[in-house]
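Report on the following structure.
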Amino acid sequence: FRRVGLFGIAAKAVVSTQSTGDVIKKVKKLQSGEEADLRNKVNAQAYENFEKSQKQRIDEVQAGGGISNRDTLNSALKVEKEVKKGNKGPWTTEEQKLLEESLKKYPASQGPGRWDDIAAHVGTRSKKDCMKRYKDLVEQIKAKKAKQ
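Each position in the sequence shown, counted from 1, maps to that position plus 52 in my numbering.
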């Protein structure tokens, strides 16, 4: 009974004009290999659908400047996970811009209160976060220069 119920649902979902019995017969033929042409046709259609979905994803990535919606969602989930752990997550473009502005605005000659002022200017990061980001950026620049 349960099996017929599932095939009944499949019959309604696939083609509403076929009876449950017709769907069961067709499935059995496909499983036994009698309907190889139909199986090949279904497989070809599935592959075409796959290719279309991949092309759509590639188009999304190109339109999004190299980041797909799926990647954006995954990145957001990673950030959320890091924030729950107590980590602030990666620096946003806006935070980076504010850090750069504050580094120009508050020179090293200002003294020990410099990093407090920088953190206040950034607004979303602590003094420790700003200092670590600055240190990481300096290391990246040195590594680039060393490669040249």
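Where is the CB? At the ideal position from N, CA and C, for every residue including glycine.
Given this structure, state the Cα-to-Cα distance separating Thr144 from Thr176, to the nearest angstrom. 10 Å
Going straight from the alpha carbon of Ser84 to that of Lys107, what length do you get? 34 Å
Beta carbon of Asp168, beta carbon of Ser154: below 8 Å? no
Close beta carbons around Ser178, own chain, < 7 Å, minus the five adjacent residues each side: Ala171
8 Å Cβ cutoff met for Arg185 and Leu150: no
Applying the criterion that 16 or more other CB atoms from any shown protein chain within 10 Å of the CB defines a buried residue, is Lys45 buried or exposed? Not covered by the structure: residue 45. The range shown for the chain is 53 to 200.
Which residues bound the alpha helix (DSSP H) around Ser154? 145-157
From Asn95 to Asn101, what distance separates their C-alpha atoms? 10 Å
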